[in-house]
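Engineer: Okay, so the sequence shown: first residue is 1454 according to my numbering, each after it adds one.
Ideal Cβ positions, reconstructed from N, Cα and C, are used throughout, including at glycine.
As the structure is a prediction and not an experimental result, all values here were calculated from the model.
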Amino acid sequence: MSNTPDHALVVAAKTAMENAYAPYSKYQVGAAIRAENGQIYAGCNVENAAYPEGTCAEAGAIAAMIAAGAKQIKDIVIIAVGDVEAAPCGGCRQKINEFAEPDLTIFVVSTAGDTTRYSLGEILPHSFKLEA
């Protein structure tokens, strides 16, 4: 497990975060994934008036990856404004699990400069997954 997040992923996640649409919570989140093809896919949270029926940054990045034809998450960075770490919600943990191995390192970064790393297996133990 790497100790530091990939700089290109941090930049992509931060750029996505800055484009987040969060008029209700004011809590902007960005995520960036490097897929098995080496490409980076980013997403941001998008809220709407039927709050909380928005989408999470991780879901947006995964959707971009799948839309581009990639299927495997190799690296992921999630970033949020301020000093609060934006660990993935339960639904996003399951979405990440669908396209990654349990030893995937998830870097959670704050714009205040804090970074925490988790393995997918650590934050989603005993996961439910289709075994092909």
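Could you tell me whether the stretch 1495-1509 touches the stretch 1558-1577, using the rule of 3 or more Cβ pairs below 8 Å?
Structural biologist: With the cut-off at 8 Å, the stretch 1495-1509 and the stretch 1558-1577 do not touch.
Engineer: Run through the stretch 1462-1529 for me and flag every whole beta strand (DSSP E) of 3 or more residues, listed as ranges in chain order.
Structural biologist: If we require 3 residues or more, the beta strand (DSSP E) runs fully inside the stretch 1462-1529 come out as 1482-1488 and 1493-1497.
Engineer: Taking a contact to mean a Cβ-Cβ separation below 8 Å, would you say A1473 touches A1484 in this structure?
Structural biologist: Not in contact: A1473 and A1484 (Cβ atoms no closer than 8 Å).
Engineer: In terms of DSSP beta bridges, what is F1560 paired with?
Structural biologist: Answer is V1530 and R1570.
Engineer: Going by DSSP in three states, G1535 sits in which element: helix, strand or coil?
Structural biologist: In this structure, G1535 counts as coil in the three-state DSSP scheme.
Engineer: Please state the DSSP three-state secondary structure of C1545.
Structural biologist: Three-state result, C1545: helix.
Engineer: If you run the structure through DSSP and keep just helix, strand and coil, what is H1579?
Structural biologist: Coil, per DSSP.
Engineer: Can you tell which of Q1525, D1536 and I1576 has the C-alpha that lies nearest to the C-alpha of G1543?
Structural biologist: When each option's Cα is compared against that of G1543, the closest is I1576.
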